[in-house]
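>
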Amino acid sequence: MTPAKRKKLGSVISVSKGKKHLVVEAPSSSSKRLLGIDDLRNDDLLRFTDDPSGTAVLPDDVLIAWDGANAGTIGFGKSGYIGSTIARLRIDKEEKIFTPFLGAFLKSKFDYLRQTATGATIPHINRKALDDIELPDVNFDDQIRIARLLGKVEGLIVQRK
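In structure tokens, the structure reads:
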């Protein structure tokens, strides 16, 4: 059996950090959703900003908590502006990578991302360690099947809690 082909993550994504935004109490029609660490896990507390610019994310982007106690936490399927502790991983347009597959794969690398983090008191994701992660080169249809199966498993785990 031949080993699966792999690609370095850094060769198939671009990384952009977020910035600090002012949160508005009452969102207007022009407000943008502001995504922080808690938003990577759930949508329980929606926050908004009226800042005219920021690092915009789309549902096809993968989000990672870049620094702090939750560094390495992964989310995807969100849109809005990201806060200062979050980074956007945008899949290069020519790559055939299913976002939920990449998100699930990176969730499986949480311990590695934490072990390679830099910073004595506040952990920060090590960019080189992130870029060097070897992503399996899986057929797009198989990526969809794998991600959907893992999504069902996650849903069952949540139901049991």
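Position 117, counted from 1, in the sequence shown is what the numbering used here calls 118; the numbers after and before it change by one each time, with no gaps. Using N, Cα and C, we set each Cβ at its ideal position, and we do this for glycine too. Model, not experiment: these values are computed from the prediction.
Roughly how many whole angstroms lie between the Cα atoms of SER30 and ARG42?
Here residue 30 refers to the residue found at position 29 when the sequence shown is read from its first residue. Here residue 42 refers to the residue found at position 41 when the sequence shown is read from its first residue. Cα to Cα, SER30 sits roughly 25 Å from ARG42.
> Cβ of ILE145 within 8 Å of Cβ of LEU107?
In the sequence shown, the residue the question calls residue 145 occupies position 144. In the sequence shown, the residue the question calls residue 107 occupies position 106. Not in contact: ILE145 and LEU107 (Cβ atoms no closer than 8 Å).
> Per DSSP, LEU136 forms a beta bridge with which residues?
By one-based count along the sequence shown, residue 136 stands at place 135. Its beta-bridge partners are LYS8.
> To the nearest whole angstrom, what separates the beta carbons of VAL58 and LEU36, a pair I think is in contact under 8 Å?
Counted from its first residue, the sequence shown places residue 58 at position 57. Counted from its first residue, the sequence shown places residue 36 at position 35. At roughly 7 Å, the Cβ-Cβ gap stays under 8 Å, so VAL58 and LEU36 are in contact.
> When the Cβ atoms of the stretch 115–130 are set against those of the stretch 76–87, are three or more pairs found closer than 8 Å?
Flag = no, the stretch 115–130 and the stretch 76–87 do not touch.
> Does DSSP classify THR100 as helix, strand or coil?
Your numbering for residue 100 matches position 99 in the sequence shown. Helix, per DSSP.
> On the CB-based measure, 16 or more other CB atoms within 10 Å of its CB, does PHE49 come out buried or exposed?
Numbered from 1 along the sequence shown, position 48 holds the residue referred to as residue 49. So PHE49 ends up on the buried side.
> With a Cβ-Cβ cutoff of 8 Å, do LYS20 and GLY55 count as a contact?
Mapped onto the sequence shown, residue 20 falls at position 19. Mapped onto the sequence shown, residue 55 falls at position 54. Yes. Within cutoff.
> Got a sec? Which residues, its chain only, sit under 6 Å from LYS97 by beta carbon, not counting five neighbours each side?
To locate residue 97, count along the sequence shown from 1; it is residue 96. Counting only Cβ-Cβ distances below 6 Å, and skipping sequence neighbours, we find PHE141.
> Return the CA-CA distance between LEU47 and PRO101, expressed in angstroms with no decimal places.
Within the sequence shown, residue 47 is the residue found at index 46, counting from 1. Within the sequence shown, residue 101 is the residue found at index 100, counting from 1. Taking the straight line from one Cα to the other gives about 22 Å.
> With 16 other CB atoms within 10 Å as the buried threshold, where does HIS22 fall?
Within the sequence shown, residue 22 is the residue found at index 21, counting from 1. Buried.
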